[in-house]
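>
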Amino acid sequence: MDQEKVIVIDFGGQYNQLVARRVRECNVYCEIYSYRTALDQIKAMNPKGIILTGGPNSCYEENSPTYQKELFELGIPVLGLCYGAQLMTHVLGGRVEKAPVREYGKIEVTVDQTSPLFMDVQQKTICWMSHNDYIAQTAPGFSITAHTADCPVAAAENKERKLYAIQFHPEVLHTQEGTKMLYHFVRDVCGCSGTWRMDSFVENSIAEIREKVGNGKVLCALSGGVDSSVAAVMLAKAIGSQLTCVFVDHGLLRKNEGDEVEEVFGPNGPYRLNFIRINAQERFYRKLAGVTEPEKKRKIIGEEFIRVFEEEAKKIGAVDFLVQGTIYPDVVESGLGGESAVIKSHHNVGGLPDCVDFKEIIEPLRNLFKDEVRKAGLELGIPEKLVFRQPFPGPGLGIRIIGEVTAEKVRIVQDADAIYREEVDRAAETYAKEHGEPAPWKPDQYFAALTNMRSVGVMGDERTYDYAVALRAVNTIDFMTAESAEIPSEVLQKVMSRIINEVRGVNRVFYDLTSKPPGTIEFE
Ligand code: XMP
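In our numbering, the protein residues as written are 73 to 596.
1. Per DSSP, A308 is paired with what?
2. Per DSSP, what kind of secondary structure is I278 in: helix, strand or coil?
3. Which residue marks the beginning of the beta strand (DSSP E) containing R174, and which one marks its end?
4. When we look at the beta-carbon of F393 and count the other beta-carbons within 10 Å, is it buried (16 or more) or exposed?
5. Check the C-beta distance from Y107 over to F83 and give it rounded, since I have them as a contact under 8 Å.
6. Please state whether the Cβ-Cβ distance between V391 and D331 is less than 8 Å.
7. Please report the distance separating the alpha-carbon of E509 from that of A310.
8. When the Cα of N524 is compared with those of Y518, G297 and R472, which residue comes out closest?
9. Roughly how many angstroms lie between the CA atoms of P224 and A211, to the nearest whole one?
10. Quick one: is Y158 buried, meaning 16 or more other Cβ sit within 10 Å of its Cβ, or exposed?
11. Hey, would you say the C-beta of I593 is under 7 Å away from at least one heavy atom of the ligand XMP?
12. Quick one: is the Cβ of F551 within less than 7 Å of any heavy atom of the ligand XMP?
13. Can you look up S130 in the DSSP assignment and give me helix, strand or coil?
14. In its own chain, which residues sit with a C-beta less than 8 Å from the C-beta of S527, not counting the 5 before and 5 after it?
15. So, for E456: in the same chain, excluding its five sequence neighbours on each side, which residues have a beta-carbon less than 8 Å away from its beta-carbon?
16. Is the CB-CB distance between V183 and T197 below 8 Å?
17. How many angstroms separate the CA atom of C154 from the CA atom of V404?
18. Please state if the CB of V298 and the CB of V193 are separated by a distance shorter than 8 Å.
19. What residues are listed by DSSP as bridge partners for D205?
20. Using a 10 Å radius around the Cβ and a threshold of 16 neighbouring Cβ atoms, would you call L585 buried or exposed?
21. Buried or exposed, going by whether 16 or more other CB atoms sit within 10 Å of the CB of A352?
22. Please indicate yes or no: does the CB of R96 lie closer than 7 Å to some heavy atom of the ligand XMP?
23. Mind checking T247: buried by the 16 CB within 10 Å criterion, or exposed?
24. By alpha-carbon positions, which one of G121, K442, T267 and V95 ends up nearest to K252?
25. Note down, in chain order, each residue of its chain lying with its Cβ closer than 8 Å to the Cβ of R174, except the 5 sequence neighbours on either side.
26. Provide the residue span of the beta strand (DSSP E) that contains Q449, from first to last.
27. In this structure, how does DSSP classify M117 when only helix, strand and coil are distinguished?
28. What's the gap between the Cα of A413 and the Cα of Q195?
29. Please go through the same chain and pick out, in chain order, the residues whose beta-carbon is closer than 6 Å to the beta-carbon of L345, but skip the five residues on each side of it.
30. Within the present structure, is the beta-carbon of P467 separated from the nearest heavy atom of the ligand XMP by less than 7 Å?
31. Let's test the definition: count the other Cβ atoms within 10 Å of the Cβ of D321 and tell me whether it reaches 16, buried, or not, exposed.
32. What's the gap between the Cα of E383 and the Cα of V305?
33. Kindly indicate which three-state DSSP category K231 falls into: helix, strand or coil?
34. Tell me whether the region 257-274 and the region 213-220 touch, counting them as touching only if at least three CB pairs, one residue from each stretch, are closer than 8 Å.
35. Excluding the five sequence neighbours on either side, which residues of its own chain have a C-beta within less than 6 Å of the C-beta of F190, listed in chain order?
36. If the criterion is Cβ atoms closer than 8 Å, does the pair E376 and F347 meet it?
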């Protein structure tokens with residue numbers, strides 16, 4: 073992609089993807105690389121600016137992630153955030169120490185409005201702080217541009233060399249004017265003109281795909297999720313009937329989802345693509361029988377998916393290209409981009425079917441964040457209902473059923489989940505109609521899971537011994553961290569009562585209050 077770009081160097085902090093997303097919201101393309109990336113490689117990318125992220129270490133300790141001094145001598149503007157700010161100071165001859173007072177949370181910061189980063193920021197502004205160390209003395213040539221009651225250097229800069237250090241996190245929304253600061257860095261200091269836009273991305277991608285594919289044959293595994301749907305429609309627009317989509321129904325989809333996918337992409341849908349649906353439910357349940365260990369379940373589902381797909385691909389014969397709906401967070405989280413640890417295996421990346429006879433892989437969304445994939449979907453004219461579908465994991469309900477997966481348990485969790493989503497959606501719509509604004513409690517992701525716990529209950533004078541369903545609802549900006557959402561209790565009461573009455577095999581409903589960390593969003 074030949075365009076202006078800013079590079080985020082990842083030092084292992086939790087907000088790294090957020091930094092890149094905020095930069096892209098300023099219409100500037102941005103990629104994340106590990107701090108281990110060689111200087112020559114960075115130079116070769118010819119970035120317009122470099123941002124150093126936060127991280128959990130102390131920069132003055134031996135073996136902490138660092139970067140060579142020459143990075144700051146390229147003449148390319150550098151912005152250090154939190155750990156990045158401290159590292160810049162440390163490497164350039166300033167002093168970083170353990171702070172006498174640890175700052176955490178929303179803190180009032182006083183800024184110098186003559187700094188290019190703060191020119192239209194309020195003199196006293198609320199910022200998100202999270203640090204144990206602090207800059208005790210700025211590096212030579214730097215002047216202090218912000219401070220707090222406890223932190224003498226909340227920001228510093230060397231304007232001539234275009235080096236900027238910020239102790240707080242402008243990328244986090246709690247920093248009220250953070251986006252402005254990042255905008256000033258990438259647009260004013262780095263001089264990016266802001267050419268990263270979804271309409272031109274879609275247009276260019278279609279043209280690129282057309283050129284690359286020529287009159288070749290393309291195969292796409294369609295899951296019905298947002299990513300593979302957007303990828304498929306983009307391909308369909310580019311090459312029409314040269315594309316064949318294979319949809320494997322593994323029996324772990326949400327209620328009625330298989331039919332909904334077929335409605336959109338099948339022969340009666342709006343796109344002229346070859347669509348093959350494989351109903352492989354029984355096969356997956358057989359493989360999963362007796363398996364309880366979460367990672368093993370994930371592996372089995374991922375591998376079986378590939379086997380089924382391969383078999384179908386063999387029937388189709390040799391194809392030239394295979395499409396994958398990989399998106400940028402998959403790339404970063406799989407350790408291919410930044411520094412994030414792999415906590416769960418996301419099977420979209422790395423699990424390529426090597427026996428399918430194809431020449432090349434096409435990953436049209438590989439550089440996009442989820443919100444950008446959605447924007448691209450809207451640009452492509454995909455119905456909003458599909459574009460704004462909740463994220464759904466590849467292994468599907470397999471990881472929302474704790475313990476062994478059986479057809480019966482799948483039915484229970486599908487029915488409970490459908491009721492839960494229906495009631496939350498209805499209540500949120502009613503709220504929006506009555507108040508003229510979206511319900512503030514509407515969660516970003518909400519679903520039911522089946523605990524493996526059975527307990528005693530009483531129903532119509534009869535003793536029951538049935539399963540407990542857990543309701544999960546989280547608010548999150550990036551799915552890397554999340555808070556449990558506060559759905560009004562009358563909505564939850566209704567969900568509970570409907571589930572107990574309508575879903576056979578359930579006699580108890582729990583609401584999960586756990587945030588991430590320490591929990592994860594999914595149960596397995
Ligand atoms: P966790 O459970 O890791 O979930 O907190 C974070 C987000 O990722 C989704 N998720 C997955 N998506 N394949 C996927 O495509 C997976 O294996 C997978 N596991 C979790 C999850 O729904 C949430 O939005």
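Idealized CB from N, CA, C, for every residue including glycine.
The structure says:
1. Taking the first residue of the sequence shown as position 1, residue 308 is located at position 236. Bridge partners of A308: none, in fact.
2. Here the question's residue 278 lines up with position 206 in the sequence shown. Three-state result, I278: helix.
3. The count along the sequence shown starts at 1 and reaches residue 174 at position 102. For R174, the uninterrupted beta strand (DSSP E) segment begins and ends at R167 to V183.
4. Counting from 1 along the sequence shown, the entry for residue 393 is found at position 321. With 16 or more other Cβ atoms within 10 Å, it is buried.
5. In the sequence shown, the residue the question calls residue 107 occupies position 35. In the sequence shown, the residue the question calls residue 83 occupies position 11. About 5 Å separates the two Cβ atoms, so the contact holds.
6. Residue 391 sits at position 319 when you count from the first residue of the sequence shown. Residue 331 sits at position 259 when you count from the first residue of the sequence shown. Taking 8 Å as the cut-off, the beta carbon of V391 is found no closer than this to the beta carbon of D331.
7. Residue mapping note: residue 509 aligns to position 437 of the sequence shown, counting from 1. Residue mapping note: residue 310 aligns to position 238 of the sequence shown, counting from 1. About 38 Å.
8. Position 452 of the sequence shown, counted from the start, is the residue given in the question as residue 524. Considering only alpha carbons, the answer is R472.
9. Stepping through the sequence shown from its first residue, residue 224 is reached at position 152. Stepping through the sequence shown from its first residue, residue 211 is reached at position 139. Computed Cα separation, rounded: 14 Å.
10. Looking up residue 158 in the sequence shown gives position 86. Looking at the sequence shown, residue 158 is not Tyr but Gln. Buried.
11. In the sequence shown, residue 593 corresponds to position 521, counting from 1. Checking the Cβ of I593 against the ligand XMP gives yes.
12. Locating residue 551 in the sequence shown gives position 479, counting from the first residue. It does: the Cβ of F551 is within 7 Å (strictly closer) of some heavy atom of the ligand XMP.
13. One-based indexing of the sequence shown puts residue 130 at position 58. Coil.
14. Residue 527 sits at position 455 when you count from the first residue of the sequence shown. Around S527, the same chain offers Y537, D538, A540, N579 and R580 as residues with beta carbons nearer than 8 Å, after the five sequence neighbours per side are excluded.
15. The residue labelled residue 456 in the question sits at position 384 within the sequence shown. The answer, listed in chain order, is L450.
16. Translated into the one-based positions of the sequence shown, residue 183 becomes position 111. Translated into the one-based positions of the sequence shown, residue 197 becomes position 125. For the pair V183 and T197, the CB atoms are nearer than the 8 Å cut-off.
17. Locating residue 154 in the sequence shown gives position 82, counting from the first residue. Locating residue 404 in the sequence shown gives position 332, counting from the first residue. Straight-line Cα distance between these residues: approximately 21 Å.
18. Residue 193 sits at position 121 when you count from the first residue of the sequence shown. Residue 298 sits at position 226 when you count from the first residue of the sequence shown. Their beta carbons are not under 8 Å apart, which means V193 does not touch V298 by this criterion.
19. Translated into positions along the sequence shown, residue 205 becomes position 133. Partner(s): K170.
20. Taking the first residue of the sequence shown as position 1, residue 585 is located at position 513. Its Cβ having fewer than 16 others within 10 Å, L585 is exposed.
21. In the sequence shown, counting from the first residue as 1, residue 352 sits at position 280. Of the residues assessed, A352 falls on the buried side of the cut-off, its CB having 16 or more other CB atoms within 10 angstroms.
22. Here residue 96 refers to the residue found at position 24 of the sequence shown. The answer is no for R96.
23. Residue mapping note: residue 247 aligns to position 175 of the sequence shown, counting from 1. It is buried - the Cβ of T247 has at least 16 other Cβ atoms within 10 Å.
24. The count along the sequence shown starts at 1 and reaches residue 252 at position 180. Nearest of G121, K442, T267 and V95 to K252, Cα basis: V95.
25. Along the sequence shown, one-based indexing puts residue 174 at 102. Excluding sequence positions up to five before and after R174, its CB lies within less than 8 Å of the CB of H203 and N204, all in the same chain and listed in chain order.
26. Reading the sequence shown from its first residue, position 377 is the one you call residue 449. The sequence shown places Gly at residue 449, not Gln. No beta strand (DSSP E) contains G449, which is instead part of the alpha helix (DSSP H) from K442 to E451.
27. Looking up residue 117 in the sequence shown gives position 45. It is coil, neither helix nor strand.
28. To locate residue 413, count along the sequence shown from 1; it is residue 341. To locate residue 195, count along the sequence shown from 1; it is residue 123. No answer about A413 holds up, because its pLDDT of 45 lies below 50 and its placement is not dependable.
29. The residue you call residue 345 lines up with position 273 of the sequence shown. If we look at L345 and ignore the five residues flanking it on each side, its Cβ neighbours are A308, L315 and C317.
30. Working through the sequence shown from its first residue, we reach residue 467 at position 395. For the ligand XMP, at least one heavy atom lies less than 7 Å from the Cβ of P467.
31. As a position in the sequence shown, residue 321 is number 249, starting the count at 1. So D321 counts as buried.
32. For the purposes of this step, residue 383 is identified with residue 311 of the sequence shown, where counting begins at 1. For the purposes of this step, residue 305 is identified with residue 233 of the sequence shown, where counting begins at 1. Roughly 24 Å separates the two Cα atoms.
33. For the purposes of this step, residue 231 is taken as residue 159 along the sequence shown, with counting starting at 1. Looking at K231 - three-state DSSP - the assignment turns out to be coil, as it is neither helix nor strand.
34. Inter-segment contact for the region 257-274 and the region 213-220 is absent: fewer than three beta-carbon pairs are separated by less than 8 Å.
35. The residue labelled residue 190 in the question sits at position 118 within the sequence shown. The residues are V183.
36. Reading the sequence shown from its first residue, position 304 is the one you call residue 376. Reading the sequence shown from its first residue, position 275 is the one you call residue 347. The answer is no: Cβ separation not under 8 Å.
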